[in-house]
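For the sequence shown, full-length UniProt numbering assigns the number 1 to the initial residue and increments by one for each residue that follows. Ideal Cβ placement from N, Cα and C applies to all residues, glycine included.
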Amino acid sequence: MLDEGDDPRLPHRRVPNCPVPLAHLHELGVLTWKLDLEATSLLEQIRSERGYLYSEVLTLCRESTQDFDAKVQGFFKEHTHSQEEVRFILDGSGYWDIRDFDGKWIRFAVGKGDMIVLPAGMSHRFTLDAKNYIKASQSESRK
1 MLDEGDDPRL PHRRVPNCPV PLAHLHELGV LTWKLDLEAT SLLEQIRSER
51 GYLYSEVLTL CRESTQDFDA KVQGFFKEHT HSQEEVRFIL DGSGYWDIRD
101 FDGKWIRFAV GKGDMIVLPA GMSHRFTLDA KNYIKASQSE SRK
């Protein structure tokens, strides 16, 4: 992705665009699933196999989230976690940015039905897209 521009909610694609294959995200340790929100058995199986203890729902929406801009800016600051970061997108959309092996940002879009697991220690940041709305389940790992 391009690191230019003031609005992180825009796609920031290179011209010409340089798509990154999903297999490359997997090489970096990112796990991905596309799940049907109505069929919860696979979600429960993943949670059980991976040892996720609980889940809470986070909703970011300009109209209903207190301190919306501050929260969105906080998620967009580059950071890492000592455990996996697990998100299941229930509604809405946004962008994850992760560091590639060479330190450059890779941006990928997430939307309804996407489950993403970032490995512990991976530099990342998150932002909404121009729709300014996402609802996501976040799980805690016992690993």
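When only Cα atoms are considered, Gly113 and Asp91 end up about 8 Å apart. With a cut-off of 8 Å on Cβ pairs, the stretch 54-73 is not in contact with the stretch 95-107, counting fewer than three such pairs. For the options Thr127, Glu56 and Ile134, the alpha carbon positioned closest to that of Tyr95 is the one of Thr127. At the C-beta level, Asp129 and Arg9 come within 7 Å of one another. Our two residues, Gly29 and Gly121, have alpha carbons roughly 11 Å apart in a direct line. Excluding the 5 residues flanking it on each side, Gln83 has same chain C-beta neighbours closer than 8 Å at Ala120, Glu140, Ser141 and Lys143, in chain order. The Cβ-Cβ distance between Gln138 and Arg62 does not fall below 7 Å.
Under the 10 Å beta carbon count, His124 is surrounded by 16 or more other beta carbons and is classified as buried. Comparing alpha-carbon positions, the option among Val20, Ile98 and Thr40 lying closest to Glu78 turns out to be Ile98. By the Cβ-count criterion, Leu37 is exposed, with fewer than 16 other Cβ atoms from all chains shown falling within 10 Å of its own Cβ.
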